[in-house]
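Below is one structure, written out as structure tokens; the observations come after it.
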Amino acid sequence: MANEIILNAFGILGIISSFGIYACPMLTMHKILLKRSVQQFSPDPYLGTAINCMFWILYALPVVHRGSILVLIGNSIGLGLESVYLIMFLLYAKSNQQRIYIISIFIVELAVIGLVGGLVIGLVHTDEERSRIIGILCIIFNLAMSGSPLTIARQVIQTKSVEYMPFFLSLTNTLSGVFWLTYATIRLDLNILIPNIIGAGLGVLQLILYALYYKPSPKDTSVVSVETV
Numbered sequence: 486m487a488n489e490i491i492l493n494a495f496g497i498l499g500i501i502s503s504f505g506i507y508a509c510p511m512l513t514m515h516k517i518l519l520k521r522s523v524q525q526f527s528p529d530p531y532l533g534t535a536i537n538c539m540f541w542i543l544y545a546l547p548v549v550h551r552g553s554i555l556v557l558i559g560n561s562i563g564l565g566l567e568s569v570y571l572i573m574f575l576l577y578a579k580s581n582q583q584r585i586y587i588i589s590i591f592i593v594e595l596a597v598i599g600l601v602g603g604l605v606i607g608l609v610h611t612d613e614e615r616s617r618i619i620g621i622l623c624i625i626f627n628l629a630m631s632g633s634p635l636t637i638a639r640q641v642i643q644t645k646s647v648e649y650m651p652f653f654l655s656l657t658n659t660l661s662g663v664f665w666l667t668y669a670t671i672r673l674d675l676n677i678l679i680p681n682i683i684g685a686g687l688g689v690l691q692l693i694l695y696a697l698y699y700k701p702s703p704k705d706t707s708v709v710s711v712e713t714v
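The letter at position 196 of the sequence shown is residue 681 when you use the working numbering, and the numbering goes up by one with no holes.
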């Protein structure tokens, strides 16, 4: 009983921290809304996160991996937010060609999920085998998405600046990895454990780089601030 409470607690903390990650692009969406244009922002990160969430939703279905309701909730929230961001891109795209690209990729992603889900659920007859196959695909997509933090880390080292590595995003990435890693360890779920070992490790690396290269903005002493009450 106590084990179940701890498991659910870390799962809920994982959902909250994951929401923090999914919510970070809201600042970008605010800029798009103000400019009424996507400017130079790319829809690719949102398309990539969307299919990653779809695979984890498929993994968490009762017919694939029983008792994964917290994983299902967390990734359903993520998919919902990513869909909102993609709608923003469709509304304020620079051209119809970009709109066609977004719609085409999203349709392909839905088709891939439908095909994989249909084949695995229809042809594989044990939950253990289904979760193993879908779990491997989830790990692959998670590892593919690990390229972004590595690119940012390399940029920080080269420029010796954390300007393009927001602290809040690095912190939520770390917390999310640690919470889901703990959840997976308690539940002995390797498919969740493996990608979150990497996620937590990359998050810690980002925080270390932030501590090494953070430089506070110099104060402008030539400007005197007057406060009136």
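Virtual Cβ for every residue (Gly too), placed ideally from N, Cα, C. Small disclaimer: the values here were computed from a predicted structure and weren't measured.
- With contacts defined as CB atoms closer than 8 Å, residue 550 and residue 616 qualify as a contacting pair.
- The C-alpha of residue 520 lies about 30 Å from the C-alpha of residue 635.
- Along the length of the segment 536–562, whole alpha helix (DSSP H) runs at least 4 residues long do not occur.
- Assignment of residue 578 by DSSP, reduced to helix, strand and coil, places it in the coil class.
- For residue 515, the uninterrupted alpha helix (DSSP H) run begins and ends at 511–520, by DSSP.
- With a threshold of 16 other beta carbon atoms within 10 Å, residue 674 meets it and is buried.
- The alpha-carbon of residue 492 is positioned some 6 Å away from that of residue 671.
- The continuous stretches of alpha helix (DSSP H) do not include residue 611, and DSSP gives it neither H nor E.
- For residue 680, the three-state secondary structure derived from DSSP is helix.
- Excluding its 5 nearest sequence neighbours in each direction, residue 539 has C-beta neighbours in its own chain below 7 Å: 564, 594 and 598, listed in chain order.
- Remark: C-beta atoms of residue 570 and residue 651 do not approach each other more closely than 8 Å.
- In this structure residue 496 is buried. Its beta-carbon is surrounded by 16 or more other beta-carbon atoms within 10 angstroms.
- Annotated three-state conformation of residue 699 is coil, per DSSP.
- Secondary structure at residue 495: helix, using DSSP grouped into helix, strand and coil.
- In chain order, 680 and 683 place their CB closer than 8 Å to the CB of residue 628, counting only its own chain and leaving out the 5 sequence neighbours on each side.
- Between the alpha carbons of residue 487 and residue 494 lies a distance of about 11 Å.
- If only uninterrupted alpha helix (DSSP H) runs of at least 4 residues are considered, those enclosed by the segment 629–685 are 632–644 and 652–672.
- Residue 532 has its alpha-carbon roughly 15 Å from the corresponding atom of residue 623.
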